[in-house]
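Student: I have a structure I would like to understand better, so I am pasting it below and will then ask my questions one at a time.
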Amino acid sequence: MKGLLFCKEALNLKDEDYATALKEVYFLLTFWNDIISKYLKGSSKKIYSEAGKIYAQQMPTPLCLEQAGFEKVMKDIQDNLSGGWNFSWDSISENICTIKFEDCVIRKMIMQNKEEQKEQEEKVYLELCQCFHSHFDAIVARFLEKEVSGKIQSRNICGGDNCFCTIHIEIREKKSLDRMTRDAR
């Protein structure tokens with residue numbers, strides 16, 4: 004089976020069952036995001052980041068963190084997320100890479116619910132996309148044992164074959180506790 008996010012082929016779902024499931028998940032994600040935004044203002048990135056860390060701990064692919072390089076980590080993450088997200092990456096340098104998401108389950112949910120949510124479509128997509136990228140950054144950071152900071156560079160949510168979201172990731176060494184204490188002074 005491909006990844007943790009079960010694709011409709013693996014579950015033998017009919018198209019209408021898959022569409023119904025996407026609609027339900029869309030409703031739950033937007034509801035959850037609205038609650039977090041309303042009651043925990045400014046904390047949503049931290050919450051989704053923490054969820055990414057927990058998710059990474061439960062991923063079935065065992066990684067030897069100290070010996071796993073960036074390429075190995077990205078390949079394992081790609082394999083685990085392949086049921087919902089199709090992405091590719093290019094290393095720009097040792098500490099910077101660009102990741103392009105070409106097939107995204109969040110975008111599929113938004114496009115499916117487009118008629119009902121016309122006025123909120125872009126806002127909802129941007130919020131859910133940013134939440135996912137906070138989650139994704141935390142997964143990468145967990146496996147690399149480094150700080151990871153992603154920034155969305157470009158996106159196109161047309162709903163056709165030319166949909167994409169490109170993020171630019173910077174990877175830094177984690178600050179040690181002594182260094183953080185010294186920096187705080």
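If you use the working numbering, the sequence shown corresponds to residues 4 to 188, in order. Even for Gly, the Cβ is constructed at its ideal location relative to N, Cα and C. Quick caveat, the model's predicted, so the values are computed rather than measured.
1) Report the option in 177, 145 and 34 whose CA atom is closest to the CA atom of residue 80.
2) How about the stretch 36 to 54 and the stretch 132 to 149: do they share at least three Cβ pairs that are nearer than 8 Å?
3) Which residues does DSSP list as the beta-bridge partners of residue 94?
4) Measure the C-alpha to C-alpha separation of residue 17 and residue 176 and round it to an integer number of angstroms.
5) With distance defined between alpha-carbon atoms, name the residue in 142, 157 and 29 nearest to residue 150.
6) Decide if residue 127 is buried, meaning its Cβ has at least 16 other Cβ atoms within 10 Å, or exposed.
7) Taking only three categories from DSSP, how would you classify residue 52?
8) Using 10 angstroms around the beta-carbon of residue 15, count the other beta-carbons present and answer buried if the total reaches 16, otherwise exposed.
9) Beta-carbon within less than 6 Å of residue 55's beta-carbon, same chain only, minus the 5 sequence neighbours each way: which residues are those?
10) Grab me the residues of residue 108's own chain with a C-beta within less than 6 Å of its C-beta, minus the 5 sequence neighbours each way, in chain order.
11) Taking its Cβ as the centre, do 16 or more other Cβ atoms sit within 10 Å of residue 102, making it buried, or is it exposed?
12) Tell me whether residue 27 sits in a helix, a strand or coil according to DSSP, three-state version.
Tutor: Concretely, from the data shown:
1) Translated into the one-based positions of the sequence shown, residue 80 becomes position 77. That would be 145, whose Cα lies nearest to the Cα of residue 80.
2) With the cut-off at 8 Å, the stretch 36 to 54 and the stretch 132 to 149 touch.
3) For the purposes of this step, residue 94 is taken as residue 91 along the sequence shown, with counting starting at 1. DSSP, once it has assigned bridges, lists 100 as partnering residue 94.
4) To locate residue 17, count along the sequence shown from 1; it is residue 14. To locate residue 176, count along the sequence shown from 1; it is residue 173. Roughly 46 Å between the two C-alpha positions.
5) Looking up residue 150 in the sequence shown gives position 147. Taking the Cα of residue 150 as reference, the smallest distance to any Cα among 142, 157 and 29 is reached at 142.
6) If you number the sequence shown from 1, residue 127 lands on position 124. Residue 127 comes out buried.
7) Numbered from its first residue, the sequence shown carries residue 52 at position 49. In this structure, residue 52 counts as helix in the three-state DSSP scheme.
8) Residue numbering aside, residue 15 sits at position 12 when the sequence shown is read from its first letter. Around the beta-carbon of residue 15, fewer than 16 other beta-carbon atoms lie within 10 Å, marking it exposed.
9) Taking the sequence shown and counting its residues from 1, the one referred to as residue 55 is at position 52. Taken in chain order, the residues that qualify are 138, 141 and 142.
10) Sequence index remark: in the sequence shown, residue 108 carries index 105 (1-based). Within the same chain, residue 108 has close Cβ partners 87.
11) For this step, residue 102 is matched to residue 99 along the sequence shown. So residue 102 counts as buried.
12) The sequence position of residue 27 within the sequence shown is 24, counting from 1. Residue state, collapsed to three classes: helix.
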